[in-house]
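Residue numbers (this note's numbering): 42 to 233.
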């Protein structure tokens, strides 16, 4: 009976030790996963923020140029109006020149708006043709079979056995996909 109790106690102790080790490994994996998720979110946020700033800058520059052109056109048309303005006349006289001036101004305004519309349309077509798939370079292949299923800890362990060229390929792939800090830092340490 004492032998059974002793074995039972040993089994309990072993199960407790293995459970504690499992909990530690689970906590470490959870922490690494959380850090990797935060890192990936930050990378995405930075790239989205930069794309937004680039687009905003391009649109502001284009809008400024268009406003400048419109201002020049308005100044030219204002000068023409002043030049063509008839002398004060009786209420029934001078009606035809005013209509002619209005017609000329509206035709010129229509031409300016058509030019602007053409530029806007060209810009839209240019942006539409640049799909995200064309703008993003093709991602490298995984550095070794099963890489995408490996944890950061497993990848770090595999780094020691890789040549400098394969480590560089691994770093490029990691940056393009998961961008895990632990993997990238370990690769940097080995490269140094």
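Positions of the beta carbon are idealized from the N, C-alpha and C atoms, including for glycine. The structure displayed is predicted, hence computed values, not measured ones.
Taking C-beta atoms as the reference points, residue 223 and residue 193 count as a pair closer than 8 Å. Under the DSSP assignment, residue 200 falls in the alpha helix (DSSP H) whose first and last residues are 193 to 200. Taking C-beta atoms under 8 Å as the contact rule, residue 231 and residue 208 qualify, at a distance of about 6 Å.
Sequence-distant partners of residue 212 (beyond 5 residues in either direction) whose C-beta falls short of 6 Å from its own C-beta, in its chain, are 228. Straight across, the Cα-Cα distance linking residue 46 with residue 68 is about 33 Å.
Here the region 100 to 117 makes contact with the region 152 to 165; the two share three or more CB pairs at distances below 8 Å. Look at residue 218 here: in three-state DSSP terms it is coil, with no helix or strand label. When only Cα atoms are considered, residue 100 and residue 61 end up about 58 Å apart. Distances from the CA of residue 122 to each of 102, 104, 149 were compared; the closest alpha carbon is that of 149.
For the pair residue 190 and residue 219, the Cα-to-Cα distance works out to about 11 Å. The three-state reading of DSSP puts residue 182 in coil, since its state is none of H, G, I, E or B.
Between residue 226 and residue 80, the C-beta gap is not smaller than 8 Å, which leaves the two residues out of contact.
Short of 6 Å from the beta carbon of residue 119, and not among the five residues preceding or following it, lies no beta carbon of its own chain.
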